[in-house]
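Undergrad:
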Amino acid sequence: MFIEQPPFFYRMLFPETIWRIPGEEKTVYLTFDDGPIPQVTPWVLDVLDYYAVKATFFCVGDNVARNPNLFQELRRRGHQVGNHTMNHVQGMSMPPEKYVRNVLNAHDLIQSRLFRPPHGHMLPGQAKLLKKDFSIIMWDVVTRDYSNKLTGEQVFGNVKRYARNGSIIVFHDSIKAERNLHYALPRTINWLRENGFLFRTL
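Under full-length UniProt numbering, residues 1 to 202 are what the sequence shown spells out, in order.
1. Helix, strand or coil, according to DSSP, for Q111 in the structure here?
2. So, helix, strand or coil for D33, using DSSP?
3. Counting only the same chain and skipping the five closest in sequence on each side, list residues whose C-beta sits under 6 Å from that of P22.
4. In chain order, what residues of the same chain lie with their CB nearer than 6 Å to the CB of E16, ignoring the 5 residues before and after it?
5. In chain order, what residues of the same chain have a beta carbon less than 8 Å from the beta carbon of G196, not counting five sequence neighbours either side?
6. Mind checking which residues open and close the alpha helix (DSSP H) that includes V155?
7. Along the chain, where does the beta strand (DSSP E) containing G82 start, and where does it finish?
8. CB-CB under 8 Å to V100, same chain, minus the five flanking residues each way: which ones, in chain order?
9. Return the residue from the list M12, F71, R116 and E73 that minimises the CA-CA distance to V89.
10. Considering only the beta carbon of each residue, do P118 and T85 sit closer than 8 Å?
11. Given this structure, state the Cα-to-Cα distance separating Y162 from A184, to the nearest angstrom.
12. For the ligand COA, any of its heavy atoms closer than 7 Å to the Cβ of S135?
13. Do you know offhand how far D34's Cα is from M94's?
14. With respect to the alpha helix (DSSP H) encompassing H119, which residues constitute its N-terminal and C-terminal limits?
15. Measuring CA to CA, which of V81, L192 and R144 is closest to T201?
16. With respect to the alpha helix (DSSP H) encompassing V47, which residues constitute its N-terminal and C-terminal limits?
17. Taking 7 Å as the limit between beta carbons, can you name the residues of its chain near A192, skipping five residues before and five after?
18. Specify, as a first and last residue, the run of the alpha helix (DSSP H) that H172 falls within.
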């Protein structure tokens, strides 16, 4: 994904997915994709604890299988978890039935009805099958913390530029994102709080 917000035409392809949750209160939803991994996720948990913020983690099944104690720690600390497929598969190149099997394999480990497709890429046929059993969660702000072409300040700037009431904001607890995450996440939480936002889980 090379843009910070999903284009209108793409949102229209998936009308029954959740992109944003505006409400009466000024609220945002912090989400983290691709973990849990021991190199990054514990630091994220400690930062969230420090600021008393709860978030939603979309977990890759393989990472859950490798790090079951860390996965349980996510839940123990009061965070929500979601399914991010078993192997972080690319939905655009996979038949719908095979894609759904991959998601269900991850579900055996994660046990959540929240699902987010890796990269935000999914075929309408896949979404049609999955929506029977899952709430499909997309976003309206992706920070691009994973990009080695962006600085931490630019990642933080993406949040300041696009966050609004009901925003679902994507970070990544991954090796690729680690450098930018260390810079941007504490500043993001401070800035959102200073601007009157409340934090909720999905």
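Each residue gets a CB set at the ideal place from its N, CA and C atoms; glycine is no exception. All values derive from a computational prediction rather than experimental measurement.
TA: If we stick to the structure as given:
1. coil
2. strand
3. N165 and G166
4. K131
5. K26
6. G152 to Y162
7. Q80 to N83
8. Q126, L129 and L130
9. R116
10. yes
11. 14 Å
12. The ligand content of the structure shown is nil, which means the ligand COA is not present either.
13. 19 Å
14. Counting along the chain, H119 falls outside any alpha helix (DSSP H), and DSSP gives it neither H nor E.
15. V81
16. T41 to Y50
17. Per the sequence presented here, residue 192 reads as Leu, with Ala not at that position. Closer than 7 Å at Cβ, skipping near neighbours: V28 and A163.
18. Element bounds for H172: not the alpha helix (DSSP H) but the beta strand (DSSP E), S167 to H172.
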